[in-house]
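Visitor: In our numbering, the protein residues as written are 292 to 798.
Yeah, the Cβ is synthetic: ideal placement off N, Cα and C, and Gly gets one too.
Questions regarding the structure given below will be posed in turn.
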């Protein structure tokens, strides 16, 4: 046509296939239950938003491959059927038909395999790896997930952090230019992250930093404070902006929430000015309401940098419980007061994690990351002491907007040190040989110093697409109970299949 458009005059119509009426409308604002959408996932994926999410995921993975290829990395696949070894989560097991009574395990990560590739002289390896963990699920966790697995030889921690920052910066500017990126990436050691934010994966898009006032609380006669402090607890809190407006019922709900998280007690302080401009206070410490001296409240406000009208939330409890609750409350307050910019990406590295953490239930030391993590140089002698909790590791996490996106470390590459770590973790000599003999032997053949990082693909794409769950960026995800509603898995199998594997089910 003169306009440049094309007009088609149909001479015949051929129906390629007819369609039933879909069980829900194929629109972005679909109101169907998620279970129904997952059962008919092939229809749910027709929605424009889902198509965009999958296209974004493709671009992310393509950028990663191109970037690492340009930096002399080799993409190498590693086995899916491997040996079951303890790596922090429960394994998915696969029974062997040919070796009766024996099992493969699906890899939680290619951790040992990539270290063996370093021994093999590969030097720069990566893989878009499928990983499997039989653990409780949540919005950002699936039984099978995808991660970028990356390892390098003859590197130090800074080399890996710089490469990761360059990769993410270039990727986001390329595939999501609408996002606002904080540059350079934030650096913070683990102790500072816990002190200021109560979490090792803080959201840096807003303030609300925490302050420990245990020393000031010791000066009071308040029995709850003193009991908590005497039992090894802390008094800690943060300042909420003055535009907040909380009623007595609001504060009571916050108190109940604090108790649910094992905290010893919550209190609040709000300093106001009267008509004469003098400071007054509205301070309630648990029920029944107990007033604290105005002079003490003013000292706390000054320590925490509060202004008249600001609300100070304080929590008394064991350090871990107090930090957990305050971290959750910090996120809640940021959302409530619209302090979060959804298009801002605040990436940062949390470093210097403890090498070990004490498990109160089992009464033993566990690895904070995994047993192949190297201690900070110069602290190896502390492995023979009673001061294991003070040993720092060469481990680091990549964090963005309150989510852990990657975890990595400089690895142990010497047999003697690796065996000592296993001994600290409580493995017998025979267990070490049975579970890890292959990698210990490999270390004796000139294993180079090496380290790496493993960023999650699913969580990254979830953030880049402003999705509420990683299920929105995975083509065929599982439910939070681990079920596949499309195929109806997991499911029973035929009796002859169990006989072939010498297995039977027990009620």
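1. According to DSSP, is residue 453 part of a helix, a strand, or is it coil?
2. Go ahead and label residue 393 buried or exposed: buried means 16 or more other beta carbons lie within 10 angstroms of its beta carbon, across all protein chains shown.
3. From this set, 353, 429, 314, which residue's C-alpha is nearest residue 335's C-alpha?
4. Quick one: Cα of residue 298 to Cα of residue 292, how far?
5. Going along the chain, which residues of its own chain have a beta-carbon closer than 6 Å to the beta-carbon of residue 780, five neighbours each way excluded?
6. Run through DSSP, which three-state label would residue 488 get?
7. Quick one: give me the first and last residue of the beta strand (DSSP E) that residue 416 is part of.
8. Extract the residue ranges of the beta strand (DSSP E) inside the stretch 569-641, only unbroken runs of 3 or more that lie entirely within it.
9. Which first and last residues belong to the alpha helix (DSSP H) in which residue 358 is found?
10. Considering only the beta carbon of each residue, do residue 477 and residue 505 sit closer than 7 Å?
11. So which of 794, 514, 495 has the shortest CA-CA distance to residue 806?
12. One question on the structure: do residue 484 and residue 491 come within less than 7 Å of each other, judged by their Cβ atoms?
13. Quick check: the Cα distance between residue 722 and residue 418, rounded to an integer number of angstroms?
14. For a quick check, are the C-beta atoms of residue 431 and residue 750 less than 7 Å apart?
15. Sort out for me which residues DSSP pairs residue 700 with in a bridge.
16. Tell me the DSSP bridge mates of residue 330?
17. From residue 447 to residue 786, what does the alpha carbon distance come to, in whole angstroms?
18. Please go through the same chain and pick out, in chain order, the residues whose beta-carbon is closer than 8 Å to the beta-carbon of residue 499, but skip the five residues on each side of it.
19. Would you call the CB atoms of residue 401 and residue 369 closer than 7 Å?
20. Consult DSSP for residue 438 and reduce its assignment to one of helix, strand or coil.
21. Mark residue 443 as exposed unless 16 or more other C-beta atoms lie within 10 angstroms of its C-beta, in which case mark it buried.
22. Measure from the alpha carbon of residue 647 to the alpha carbon of each residue in 654, 518, 653, 660, then state which is nearest.
23. Taking residue 396 as part of the beta strand (DSSP E), name the residues at either end of that continuous run.
24. With a threshold of 6 Å on Cβ separation, who are the neighbours of residue 395 within its own chain once the five nearest residues in sequence on each side are excluded?
25. Measure the alpha-carbon distance for residue 793 versus residue 783 and round it to whole angstroms.
26. For the putative contact between residue 746 and residue 686, defined by C-beta atoms under 8 Å, what is the C-beta separation to the nearest angstrom?
Guide: For this structure:
1. Helix, per DSSP.
2. Exposure of residue 393 is indicated by the presence of fewer than 16 other C-beta atoms within 10 angstroms of its C-beta.
3. Taking the Cα of residue 335 as reference, the smallest distance to any Cα among 353, 429, 314 is reached at 314.
4. Roughly 7 Å between the two C-alpha positions.
5. For residue 780, where only same-chain residues beyond five positions count, there are no Cβ hits under 6 Å.
6. In the displayed model, residue 488 falls within a helix according to three-state DSSP.
7. In this chain, the beta strand (DSSP E) harbouring residue 416 covers 415-423.
8. Entirely contained in the stretch 569-641, the beta strand (DSSP E) runs reaching 3 residues are, in chain order, 570-576, 602-608.
9. Segment 339-361, the alpha helix (DSSP H) holding residue 358.
10. No, they are not a contact pair.
11. Because the chain is modelled from 292 through 798, residue 806 falls outside the range shown and cannot be assessed.
12. For residue 484 and residue 491, yes; Cβs fall inside 7 Å.
13. For residue 722 and residue 418, the gap between their C-alpha atoms comes out near 30 Å.
14. In this structure, residue 750 lies closer than 7 Å to residue 431 by Cβ.
15. 686, 743, per the DSSP bridge assignment.
16. Its beta-bridge partners do not exist; DSSP assigns none.
17. C-alpha separation (whole angstroms): 53 Å.
18. A distance below 8 Å between beta-carbons, with the five flanking residues on each side excluded, links residue 499 to the following residues of its chain, in chain order: 529, 530, 531, 621, 624, 625, 630.
19. Taking C-beta atoms as the reference points, residue 401 and residue 369 count as a pair closer than 7 Å.
20. Per DSSP, reduced to three states, the secondary structure at residue 438 is strand.
21. With a 10 Å radius around the Cβ and a threshold of 16 neighbouring Cβ atoms, residue 443 comes out buried.
22. Nearest Cα to residue 647 within the set 654, 518, 653, 660: 660.
23. For residue 396, the enclosing beta strand (DSSP E) covers residues 394-396.
24. Take residue 395, set aside five residues on each side of it, and the residues of its chain with a beta-carbon closer than 6 Å to its own are 372, 385, in chain order.
25. Whole-angstrom Cα-Cα distance: 16 Å.
26. Residue 686 and residue 746 do not touch by the CB rule: their CB atoms are close to 15 Å apart, not below 8 Å.
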